[in-house]
Structure formats: structure tokens, C-alpha cells
Amino acid sequence: MARESESGLPIEPVYGPDALAGWDPAAKLGEPGSYPFTRGVYPSMYTGRPWTMRQYAGFGTAAESNARYRELIAHGTTGLSVAFDLPTQMGHDSDAPLAHGEVGRVGVAVDSIEDMRVLFDGIPLDRVSTSMTINAPAALLLLLYQLVAEEQGVPADRLTGTVQNDVLKEYIARGTYIFPPGPSLRLTADIFRYCTAEIPRWNTISISGYHMAEAGASPVQEIAFTLADGIEYVRTAVAAGMDVDDFAPRLSFFFVARTTFLEEVAKFRAARRIWARVMREEFGARDPKSLMLRFHTQTAGVQLTAQQPEVNLVRVAVQALGAVLGGTQSLHTNSFDEAIALPTATSARLALRTQQVLAHETDVTATVDPFAGSYAVERMTDDVEEVAVELMRKVEELGGARAAIERGFQKAEIERNAYRIAQETESGERVVVGVNRFRLDEEEPYEPLRVDPAIEARQCERLARLRAGRDRAAVDSALTRLAKAAEGEDNVLYPMKEALRARATLGEVCGALREVWGSYEPSDVF
Numbered sequence: 000m001a002r003e004s005e006s007g008l009p010i011e012p013v014y015g016p017d018a019l020a021g022w023d024p025a026a027k028l029g030e031p032g033s034y035p036f037t038r039g040v041y042p043s044m045y046t047g048r049p050w051t052m053r054q055y056a057g058f059g060t061a062a063e064s065n066a067r068y069r070e071l072i073a074h075g076t077t078g079l080s081v082a083f084d085l086p087t088q089m090g091h092d093s094d095a096p097l098a099h100g101e102v103g104r105v106g107v108a109v110d111s112i113e114d115m116r117v118l119f120d121g122i123p124l125d126r127v128s129t130s131m132t133i134n135a136p137a138a139l140l141l142l143l144y145q146l147v148a149e150e151q152g153v154p155a156d157r158l159t160g161t162v163q164n165d166v167l168k169e170y171i172a173r174g175t176y177i178f179p180p181g182p183s184l185r186l187t188a189d190i191f192r193y194c195t196a197e198i199p200r201w202n203t204i205s206i207s208g209y210h211m212a213e214a215g216a217s218p219v220q221e222i223a224f225t226l227a228d229g230i231e232y233v234r235t236a237v238a239a240g241m242d243v244d245d246f247a248p249r250l251s252f253f254f255v256a257r258t259t260f261l262e263e264v265a266k267f268r269a270a271r272r273i274w275a276r277v278m279r280e281e282f283g284a285r286d287p288k289s290l291m292l293r294f295h296t297q298t299a300g301v302q303l304t305a306q307q308p309e310v311n312l313v314r315v316a317v318q319a320l321g322a323v324l325g326g327t328q329s330l331h332t333n334s335f336d337e338a339i340a341l342p343t344a345t346s347a348r349l350a351l352r353t354q355q356v357l358a359h360e361t362d363v364t365a366t367v368d369p370f371a372g373s374y375a376v377e378r379m380t381d382d383v384e385e386v387a388v389e390l391m392r393k394v395e396e397l398g399g400a401r402a403a404i405e406r407g408f409q410k411a412e413i414e415r416n417a418y419r420i421a422q423e424t425e426s427g428e429r430v431v432v433g434v435n436r437f438r439l440d441e442e443e444p445y446e447p448l449r450v451d452p453a454i455e456a457r458q459c460e461r462l463a464r465l466r467a468g469r470d471r472a473a474v475d476s477a478l479t480r481l482a483k484a485a486e487g488e489d490n491v492l493y494p495m496k497e498a499l500r501a502r503a504t505l506g507e508v509c510g511a512l513r514e515v516w517g518s519y520e521p522s523d524v525f
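Under numbering that gives the first Met the number 0, the residue at position 298 of the sequence shown is numbered 297, and the numbers go up by one with no gaps.
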């Protein structure tokens, strides 16, 4: 009897040659590093060097997060991934009324260039790749990073990393938006243009399906809606006058890795193939790098459980293996205690060790794409691709990703799938070890990491000192120039950088843009 995948597609008990009847290996696979990139974006993949090992971290004050970053680097992390608190993500200063109770809770609080200096103190920005999970105010954090690098004497063309900058998925699944979709897309295009000219090695966006998966999206929904968002960003940049090959090589993606191992491998392969075809056929990209879907993966936080948290170690290892065999370019492994609280230093180190075991104690890096030609995986890849393309067609029929978002289509589709998962878990049809099967009569005690509530008061004191010690007239003048650029068509990042250099705060800069562009109010049409 056939089982169903996470996306509701059939998984046969046995696959044989008939599963690939009429299948053209040259068209479907190609060679590693060649169109359509099913087998990976680079010819040698991990046989030359392993993926970038990132650990997502950030909490409390900049000083506390800096200490965690130094520790991770000392233990072998090859790339930093910065988590910002909710006020920072929403464009509010730590002393804003809306920030109360959230300062430093789910990430680090960054209000100004002074916080950014502390956050990266002693970290050589010309030798560390940094990913920043920030969306609506992405331009601000990127510019603060560049300003700190300049103070370190590091030229912008030496900086490497990624700014998430994917605001469309915020309207779909996550909610940390600030401005309406139109101005947000304009800001994205400005970032593309700025980085092409000023920070050429920087990945200007990480188009994210991870957060859709956290909200309940199936693997097919995850890649369909993510690639549809990618198409919208490319169209926006092209409409703004940019040549696709000038910016497309710096686009990147961000996906989840679930415990449903085979479908996850198939999902990554299908996503690469779809994106390569779209970039070649719809946008006429000529540079092979423009066709490559390069992506970061994070293991599935939504599948971690507070019950028997040590079982999460097994889940994370399986998920990480799926990401590696799916051909990820960088990977973050979740800590086993994340369903309870912020990870401790010990659990974060153990999460990193999981990647190091995969890279150095297994043979998965010995050969490129070991699943190529697998009857099961190749058929599942075709199935995922077919259904994802159909879902992308529905988005197109609604006018593209932005129009579909404004009608609530993606959000409604994901919510329906999330409800299905919840029903299956509640009924026991979907087994979750330690939750609805194989439970303990009494859970073992666990002492989580706790954030000091006094952080908010200390951060507010820092802001007060900053405002008292700066040139207020210079700040006001810079913010006025920023607002004028936002009203017209000039790239807003140049006046924004000068405002931040003058020590304008994140909340002040976002406030100046809110005055011009307004704030987004969500719609639930579907």
C-alpha cells in the first residue's frame, strides 16, 4: 500500500525502471555544476570542501551576542548567522512603547551603529561570512555592517555574506513587515543596485521558504511560493532598469530540512531545476551563475519538541543529512533545546558538532550527488516539480506573487495545510515521538538559558546617551534627505547610510520612511 509524502504525493513501496519510463537523463540531470543544476550548482560540490557551517545566534545585548559569536568561531563555525530581536526586525528602537517586553528576547537588540560596533568587536569582517536574518529594515543593518567594516579598515569589496531581505514572505507567513509591498519591493531593488555597485560579493537577498514551512507549508508549497517570490523580485529589479545578469548571480535562497528525508532531497533537486529553467526561459539570463539556485538550509525548528528534548538530537542529524544530500551551500543545525528556550552554549556547540561529524566522519562528501539515478528519488523529484510548477501557475494567474499576497492566497493555502497537519497529529495518524506516541510518565527537568529582563533598561540607557551625545541637527538634516529620496526615485541607501553614520537610530530611520511610504495593513481575502 502506497504512503503519502508531506506534500500529499504518493510514495510507492517499490520503485523500478518503470518509474522513469521515457525519462531523459541528459535533460533532467545534466552534469553537476551544469544546466539544469539538478545534481548541484558546482561540479565538485563537497569533494573539494564542505558546505559553510553557520550557527544562527543572537540574544540580549550586542556584547552578549559578541561573546557567543567568538565562542562559535573558536569551535569551528565558518559563518555567522545573526538573529535580531523583534523590535529591531519591526524597525523600532528599544525604548519605543511597542518594544516593551521584547528587547533582546528572540535575538540581539541593535538600535544604532554603536550596537553594531559592539556586536562585531574583534571579529575580522574580511575573513568571516555573515548572514543577517533581517527583512523589512534589511538595508539599515547591511549599511551598519558596512560602516563597522569601514571602521575596521575592511573595504566593501572584501565583505561576504547575505542579508535575508525577503519581505514578501513576511506578508505570507511571518509578519515582521513594516511598509506596504510596493515600497518594500522598491527598497529591495535599491539594495540590489547598491550592492552591485558598492558591495559586489554580498548576497543581496535570501529568498526564504523556511518561514513558510514553520507556518505549516508543505514541501511543494515551500518551493512553489518561494520561487514565485523570487520571480517577483527579479521582475522588480528588471523593471527598475537592471540587467538580469548584473544582479541574479548574487540571489540566494533559504529552505528548511524536515525529517521526511527522501522528499526533502527531491525538493531541493526540483527547486534547482525549476529556477534554472525560469531564469533561462523567462528572463533570458546568459550568465550560468544567474541560473544557479544557491541556498542555505536550516533544520526544521517546527519539528522540535519540548517533550523529551534529547530526541531532537536525532531529528536534527537526520534533517541535516537530508540538506547535505540535497546539495545545500550552507547549513544551520538547530540546538536540541530550542523548543524550550534560547539555546545554551553547550547545546549550540553540540549542534555544530553534528555538522562536523557529517562532514568529517561520514563518506557523504566523497562523491557528488550520490542519489543521482535513484528510481525513488528521481521519480519523487519529478512529482514535486510537477505539482510545484502547477502551484506557481496559480500564483501567476492571480497576477504574480505580490498580487496573490495582497489577496491572501499563499497565506490561506499554507494555513489549510497547517490545519491538516494539526488534525493528523491530534488524531495520532501522524506520529510525533514523545508527543503522541512513546511518551514518558514524567519529563526530566531541564534548565534553559534565560534572558536578563534588565537588558531592556540598559539598552534604553544606551539610547539616551547616544541621543544626548550626537549632533541632532546633522541627524535631522540626514533624515530629511532620506525622506526626499524616498519621495522620488533616487536610491535611498546612500542618504540612509549617511543618516546612520550621523548616529540616527534604527527607529528614526524607519520612522522617516513610514512617514513617506506608510505602514502595511494585512488583508485576508481568500
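Just so you know, even glycine gets a beta-carbon here, dropped at the ideal spot from N, CA and C.
| Check | Outcome |
| --- | --- |
| Terminal residues of the continuous beta strand (DSSP E) containing residue 297? | 294 to 298 |
| Whose C-beta lies closer than 8 Å to the C-beta of residue 3 among residues of the same chain, with five residues either side of it excluded? | 9 and 10 |
| Between 398, 239, 313 and 248, which lies nearest to residue 260 when the distance is taken from Cα to Cα? | 313 |
| Quick one: what does DSSP say residue 131 is sitting in, helix, strand or coil? | strand |
| So if DSSP puts residue 241 in a beta bridge, which residue, or which two residues, is it bridged to? | Partner(s): none; residue 241 has no beta bridge. |
| Going by CA-CA distance only, name the one from 106, 328 and 26 that's closest to residue 342. | 106 |
| Distance check for residue 500 and residue 149, CA to CA, integer angstroms please. | 11 Å |
| Is the CB-CB distance between residue 481 and residue 511 below 8 Å? | yes |
| Per DSSP, which one or two residues make a beta bridge with residue 52? | 330 |
| Identify which residue in 13, 19 and 12 has its Cα closest to the Cα of residue 371. | 19 |
| With which residues is residue 161 paired in a DSSP beta bridge? | 130 and 202 |
| Using DSSP bridges, identify the partner residues of residue 59. | 107 |
| Within a Cβ cutoff of 8 Å, which residues of the same chain sit near residue 413, ignoring the five residues on either side of it in sequence? | 171, 172, 211, 214, 215, 216, 220 and 224 |
| Could you tell me the alpha carbon to alpha carbon distance between residue 527 and residue 13, rounded to whole angstroms? | Residue 527 lies beyond the stretch modelled for the chain, which goes from 0 to 525, so this question has no answer here. |
| At what residues does the beta strand (DSSP E) containing residue 79 begin and finish? | 78 to 82 |
| Taking residue 430 as part of the beta strand (DSSP E), name the residues at either end of that continuous run. | Premise fails: residue 430 is in no beta strand (DSSP E) and is neither H nor E. |
| Once the 5 residues before and after residue 275 are set aside, which same chain residues still bring their CB inside 8 Å of it? | 34, 35, 36, 290, 291 and 292 |
| For residue 142 and residue 496, what's the separation of their Cα atoms in angstroms? | 6 Å |
| Whose C-beta lies closer than 7 Å to the C-beta of residue 303 among residues of the same chain, with five residues either side of it excluded? | 311, 314, 333, 337 and 338 |
| Can you tell me the Cα-Cα spacing of residue 15 and residue 270, whole angstroms? | 24 Å |
| If we ignore side chains and look at the alpha-carbon of each, how far apart do residue 424 and residue 176 end up? | 31 Å |
| Just to confirm the assignment: which complete alpha helix (DSSP H) runs, minimum length 4, are found wholly within the region 382 to 422? | 400 to 405 |
| May I have the straight-line CA-CA distance separating residue 121 from residue 115, to the nearest angstrom? | 12 Å |
| Out of 168, 145, 164 and 166, which has the shortest C-alpha to C-alpha gap to residue 158? | 145 |
| Starting from residue 251 and walking both ways along the beta strand (DSSP E), at which residues does that stretch end? | 250 to 256 |
| Are the beta-carbon atoms of residue 204 and residue 251 separated by less than 8 Å? | yes |
| Nearest-angstrom Cα distance between residue 123 and residue 463? | 29 Å |
| Pick helix, strand or coil for residue 112, following the three-state DSSP scheme. | helix |
| Classify residue 3 as helix, strand or coil using the three-state DSSP reduction. | strand |
| Nearest by alpha-carbon distance to residue 174: which of 368, 127 and 85 is it? | 85 |
| Where residue 160 and residue 200 are concerned, what is the direct C-alpha to C-alpha distance, given to the nearest angstrom? | 8 Å |
| Spatial neighbours of residue 94 within its chain, please: C-beta separation below 7 Å, excluding the five flanking residues on both sides. | 459 and 462 |
| So, helix, strand or coil for residue 207, using DSSP? | strand |
| Taking only heavy atoms of the ligand HEM into account, decide whether any of them is closer than 7 Å to the Cβ of residue 166. | The model depicted lacks the ligand HEM and carries no ligand whatsoever. |
| What separation, rounded to the nearest whole angstrom, lies between the Cα atoms of residue 53 and residue 127? | 11 Å |
| Is it right to say residue 352 is buried, meaning 16 or more other beta carbons lie within 10 angstroms of its own, or is it exposed? | exposed |
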